[in-house]
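A.B. asks: Start counting the sequence shown at 213; every next residue gets the next number (my numbering).
Take this structure, written in structure tokens, and hold onto it; I'll ask about it next.
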Amino acid sequence: MLTVDEVWALIDREVSVLPAESVPLESALGRRLAEDVSADTDIPAFSRSAIDGFALASDSQPGRFRIVGEVRPGMPASPPPRSGEALKIFTGSALPESGVALVMLEDTVTEGDEVVVSVAGTTRLVRSRASQSRAGDVLLSAGASMGPGAMALLASVGQARPLVSPVITTTHFSSGSELVPVSETPGAGCIRDSNSPLVAALLAEAGAELLHHARGSESVDEAVSVLEPLKADLLLISGGASVGAYDGTGEILRRLGFVIHCARVKSRPGKPLIFAARGAQIAFGLPGNPLSHFVCFHLFVRRAIDRLSGFTPRKFLSVRLSGTPPAPDPRETWWPARVRGEAGNLVAVALPWRDSSDLTGLPEANALLRIGSAGINGLVDALLFGSLES
Ligand code: AMP
Ligand code: MG
213 MLTVDEVWAL IDREVSVLPA ESVPLESALG RRLAEDVSAD TDIPAFSRSA IDGFALASDS
273 QPGRFRIVGE VRPGMPASPP PRSGEALKIF TGSALPESGV ALVMLEDTVT EGDEVVVSVA
333 GTTRLVRSRA SQSRAGDVLL SAGASMGPGA MALLASVGQA RPLVSPVITT THFSSGSELV
393 PVSETPGAGC IRDSNSPLVA ALLAEAGAEL LHHARGSESV DEAVSVLEPL KADLLLISGG
453 ASVGAYDGTG EILRRLGFVI HCARVKSRPG KPLIFAARGA QIAFGLPGNP LSHFVCFHLF
513 VRRAIDRLSG FTPRKFLSVR LSGTPPAPDP RETWWPARVR GEAGNLVAVA LPWRDSSDLT
573 GLPEANALLR IGSAGINGLV DALLFGSLES
């Protein structure tokens, strides 16, 4: 039986990074940049006004000036005004590279074609050419997350089709004769399929695309015929990963041509976990219990998705446990927890976990605590996957 660290090493070794792709900027949200992006020009590319007001000759003092014209945003810069002259300008108006000082509209009174200025002109109100970056400077490095700020920065330097990480396509098969769709009332001995919405949401959070979804019984033949024609980067099979008479995931994967690299992992929850590969395609058999599902997805599936996408794996944060520590176990335990910031520290509260089918703590969970066989003594490693906001 492999340890969690050994399964991670296996995933890192067996999963290859898929090629990056060039996509329209508006489709890049949530992906990672796959190459450095540089400034295409100096930024700003030309000197611009930061205010509405007037451009005067350099070193102009308070006094009366003749308004000789205006430069609206979008017009080319005019030559610097001569002494005693003023040019009406606006926020964003182009300015000559030198020879001007600006005054704000609020410090002036306009009288016909003259303006009375009550302050000295200043160059502090000019956004000078290249004052932010020079052409060729790297503005964003490969690996950066494409959030709203990154999208705006890329737009400003003309990146209409940035090179970004691929979207990982997925097939999810939920197995078990006891499962009924969420919209149905389960009959005797049956339960609702809560893993399918869970997996769909976890995939969406990871930026992966759920291409195909199917539900089936424990029949290996049926699963193989459903899954055979469905192609995706990642195949996830819920349930049937263990060693019971009706646990057929290993057999299904073998019949589909996958090589099984791991069938059990020394962790709690989640002992039955299958990791398999068929060329560049990756598959996981996840234990059916919902809590095991949640934990195994965060520990293993997410790592494979990140690896396929070319992302670095998520890191641990050191947190302090508040309240009663969960009881240790000979197997390494991954305990769902709520981590929050408190007076400059990260503090974790362990969430309820009565057994591996217990979903009640999961809505609150934003981390998994890594609890070794010796239990917790002071700080504990947490794998953070959600926002710290309460
Ligand atoms: P299995 O891994 O198939 O042995 O299932 C272990 C437990 O998880 C059983 O109690 C199943 O009923 C339950 N289970 C399996 N699949 C799901 C699912 N999609 N949604 C909720 N519970 C499930
Ligand atoms: Mg089952």
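Backbone N, C-alpha and C define an ideal beta-carbon position, used for all residues, glycine too.
By Cβ distance below 8 Å, which residues in the same chain neighbour L317 in space, the five residues on each side in sequence not counted?
C.D. replies: Once the five neighbours on either side are set aside, the close Cβ partners of L317 are I263, D264, G265 and F266.
A.B. asks: Take the Cβ of M358 as the centre, count every other Cβ of all protein chains shown within 10 Å, and call the residue buried at 16 or more, exposed below.
C.D. replies: Its Cβ being crowded by 16 or more others within 10 Å, M358 is buried.
A.B. asks: Between A562 and L581, how many whole angstroms is the CB-CB distance? I'm expecting something under 8 Å.
C.D. replies: Right, their Cβ atoms sit about 7 Å apart.
A.B. asks: Use the C-beta contact count for K443: other C-beta atoms within 10 angstroms, 16 or more gives buried, fewer gives exposed.
C.D. replies: K443 comes out exposed.
A.B. asks: Check whether the stretch 511-520 touches the stretch 215-223, counting contact only when three or more Cβ pairs, one atom from each stretch, lie closer than 8 Å.
C.D. replies: Yes: the two stretches touch, three or more of their Cβ pairs being nearer than 8 Å.
A.B. asks: Please report the distance separating the alpha-carbon of S239 from that of P502.
C.D. replies: Their Cα atoms are separated by approximately 32 Å.
A.B. asks: So does E452 have its beta carbon nearer than 7 Å to some heavy atom of the ligand MG?
C.D. replies: Note that residue 452 is Gly in the sequence shown, not Glu. Yes; taking the cut-off as 7 Å, the Cβ of G452 has a heavy atom of the ligand MG nearer than that.
A.B. asks: Counting only the same chain and skipping the five closest in sequence on each side, list residues whose C-beta sits under 6 Å from that of S504.
C.D. replies: Contacts found: P481, G482 and S568.
A.B. asks: Please look up how many angstroms separate the CB atoms of V329 and F277, rounded, as I've assumed it's under 8 Å.
C.D. replies: At roughly 6 Å, the Cβ-Cβ gap stays under 8 Å, so V329 and F277 are in contact.
A.B. asks: Taking just the CA atoms, how far does L314 sit from S272?
C.D. replies: In a straight line, the C-alpha of S272 is about 9 Å away from that of L314.
A.B. asks: Return the chain-ordered list of same chain residues with a C-beta closer than 7 Å to the C-beta of E603, the five sequence neighbours on each side being excluded.
C.D. replies: As shown, the chain starts at 213 and ends at 602. That puts residue 603 outside it, with no answer to give.
A.B. asks: Using DSSP with H/G/I as helix, E/B as strand and the rest coil, what is A420?
C.D. replies: Reduced to three states, the DSSP call for A420 is coil.
A.B. asks: Excluding the five sequence neighbours on either side, which residues of its own chain have a C-beta within less than 7 Å of the C-beta of V219, listed in chain order?
C.D. replies: Within the same chain, V219 has close Cβ partners C474, V477, F487 and F512.
A.B. asks: Taking the alpha carbon of I301 as the point to measure from, which residue in V283, T253 and G348 has its own alpha carbon closest?
C.D. replies: Minimum Cα distance to I301 is reached at V283.
A.B. asks: How do the stretch 345-354 and the stretch 244-255 stand: do at least 3 beta-carbon pairs fall below 8 Å, yes or no?
C.D. replies: Cβ pair count under 8 Å is three or more, so yes.
A.B. asks: Which same chain residues end up closer than 8 Å to A257 when comparing Cβ atoms and leaving out the 5 residues on each side of it in sequence?
C.D. replies: Answer for A257: R341, listed in chain order.
A.B. asks: With a CB to CB cut of under 6 Å and the five nearest residues on each side skipped, what residues in its chain are close to L230?
C.D. replies: P378 and L520.
A.B. asks: For E396 and D349, I'd like the C-alpha separation in whole angstroms.
C.D. replies: Cα to Cα, the separation comes out at about 58 Å.
A.B. asks: Could you check the C-alpha separation between R373 and L237 for me, to the nearest Å?
C.D. replies: Computed Cα separation, rounded: 5 Å.
A.B. asks: Taking only heavy atoms of the ligand ATP into account, decide whether any of them is closer than 7 Å to the Cβ of S228.
C.D. replies: The ligand ATP is absent from the structure shown, which contains only the ligand AMP and the ligand MG.
A.B. asks: Do G497 and L446 have their C-beta atoms closer together than 8 Å?
C.D. replies: No, Cβ-Cβ distance for G497 and L446 is not below 8 Å.
A.B. asks: Leaving out the 5 sequence neighbours to the left and right, which residues in its chain are closer than 8 Å to G590 when beta-carbon positions are compared?
C.D. replies: Cβ neighbours of G590 beyond the five flanking positions: R532.
A.B. asks: Label R346 either buried or exposed according to how many other C-beta atoms from any shown protein chain fall within 10 Å of its C-beta, with 16 as the threshold for buried.
C.D. replies: Result: exposed.
A.B. asks: Mind checking which residues open and close the beta strand (DSSP E) that includes G553?
C.D. replies: First-last of the beta strand (DSSP E) with G553: E544 to E554.
A.B. asks: The ligand AMP and I464: does any heavy atom of the ligand fall closer than 7 Å to the residue's C-beta?
C.D. replies: For the ligand AMP, not one heavy atom lies less than 7 Å from the Cβ of I464.
A.B. asks: If you run the structure through DSSP and keep just helix, strand and coil, what is M363?
C.D. replies: Helix.
A.B. asks: Looking at the structure shown, is F302 part of a helix, part of a strand, or coil, going by DSSP?
C.D. replies: Looking at F302 - three-state DSSP - the assignment turns out to be coil, as it is neither helix nor strand.
A.B. asks: Look at W546 and P538 and say whether their C-beta atoms are less than 8 Å apart.
C.D. replies: No, these two residues do not count as a Cβ contact at 8 Å.
A.B. asks: Hey, out of D254, S290 and D518, whose CA is closest to A269's CA?
C.D. replies: Comparing Cα positions, the closest option is S290.
A.B. asks: Please state whether DSSP places S377 in a helix, a strand or coil.
C.D. replies: Here S377 sits in coil by DSSP.
A.B. asks: Residues in the same chain with beta-carbon distance under 6 Å from T381, minus the five sequence neighbours each way, listed in chain order, please.
C.D. replies: So the list reads E421, L423, A444 and D445, once near-sequence residues are dropped.
A.B. asks: Should L391 be listed as close to the ligand AMP, given that the test is whether its C-beta is under 7 Å from any heavy atom?
C.D. replies: It does: the Cβ of L391 is within 7 Å (strictly closer) of some heavy atom of the ligand AMP.
A.B. asks: Is S408 close to the ligand MG? I mean its beta-carbon at under 7 Å from any heavy atom of the ligand.
C.D. replies: No, Cβ of S408 sits at least 7 Å from all heavy atoms of the ligand MG.
A.B. asks: For G311, name the three-state secondary structure that DSSP assigns.
C.D. replies: Three-state DSSP puts G311 in coil, outside helix and strand.
A.B. asks: What do you get for S479, buried or exposed, if any count of 16 or more other CB atoms within 10 angstroms of its CB means buried?
C.D. replies: Buried.
A.B. asks: What would DSSP say about N578, mapped onto helix, strand or coil?
C.D. replies: It is coil, neither helix nor strand.
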